[in-house]
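Just below is one structure, and these are the notes that go with it.
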Ligand code: HEC
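Residue numbers (the numbering used here): 30 to 158.
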């Protein structure tokens, strides 16, 4: 009985702190959102697709859409880190019609590869069900 009560209390605590790995919503991860903002990503990207937009297409694809597109794709992590660092190919756009920007510029001026890798891993971890 005591054990049961302890388990319930622990569950409530981790809910309150939002720190249970099984329950946390990665898209709300404050440290990742901060890194994205300080690296300049959020000038062009948001996490969620614009809800009831003013009709404008965002410059870069919303990251929830990126997570959905690359869900289960082999090597997505590696490839996307390279794209983030070196920029995308304007002649081979992956988001034609879904993003207003023609291409993503190289971000290597603003972020190192380790941090880019963290951000991409975070983006790909977003729940897309
Ligand atoms: C100046 C605007 C801009 C900035 C700043 C920017 N992006 Fe992008 N991003 C884009 C555009 C435009 C695309 C779509 C490219 C395409 O159509 O292939 C894109 C695509 C992406 C993709 C998907 C690439 C693919 O091949 O599908 C990821 C992941 C991404 N960005 C992450 C980031 C991260 C992380 C940062 C910050 C370090 C960042 N972006 C900064 C404009 C930007």
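No residue lacks a Cβ here, since even glycine has one placed at the ideal position from N, Cα and C. Owing to the predicted nature of the structure, the values given are computational and were not obtained by experimental measurement.
Please say whether residue j and residue i have beta carbons closer to each other than 9 Å?
{"i": "residue 155", "j": "residue 96", "result": "yes"}
{"i": "residue 130", "j": "residue 73", "result": "yes"}
{"i": "residue 118", "j": "residue 68", "result": "no"}
{"i": "residue 109", "j": "residue 120", "result": "no"}
In or out: residue i buried (at least 16 other Cβ within 10 Å) or exposed?
{"i": "residue 35", "result": "Below a pLDDT of 50, predicted positions are generally treated as unreliable, and residue 35, at 49, falls in that range; no measurement from the model is reported."}
{"i": "residue 113", "result": "buried"}
{"i": "residue 94", "result": "buried"}
{"i": "residue 66", "result": "exposed"}
Given this structure, state the Cα-to-Cα distance separating residue i from residue j, to the nearest angstrom.
{"i": "residue 70", "j": "residue 103", "result": "24 Å"}
{"i": "residue 115", "j": "residue 86", "result": "23 Å"}
{"i": "residue 157", "j": "residue 138", "result": "30 Å"}
{"i": "residue 124", "j": "residue 151", "result": "20 Å"}
{"i": "residue 142", "j": "residue 54", "result": "24 Å"}
{"i": "residue 140", "j": "residue 122", "result": "22 Å"}
With a threshold of 7 Å on Cβ separation, who are the neighbours of residue i within its own chain once the five nearest residues in sequence on each side are excluded?
{"i": "residue 42", "result": "Here residue 42 scores only 44 on pLDDT, less than 50, and its place in the model is too uncertain to base an answer on."}
{"i": "residue 78", "result": "91, 93, 94"}
{"i": "residue 153", "result": "96, 99, 105, 106"}
{"i": "residue 101", "result": "none"}
{"i": "residue 111", "result": "none"}
Grab me the residues of residue i's own chain with a C-beta within less than 8 Å of its C-beta, minus the 5 sequence neighbours each way, in chain order.
{"i": "residue 88", "result": "72, 73, 74, 128, 129, 130"}
Excluding the 5 residues flanking residue i on each side, which residues of the same chain have their C-beta closer than 6 Å to its C-beta?
{"i": "residue 56", "result": "76, 155"}
field: Cβ pair count under 8 Å reaching 3, the stretch 139 to 153 against the stretch 51 to 66
entry: Between the stretch 139 to 153 and the stretch 51 to 66 there are three or more C-beta pairs closer than 8 Å, enough to call the two in contact.
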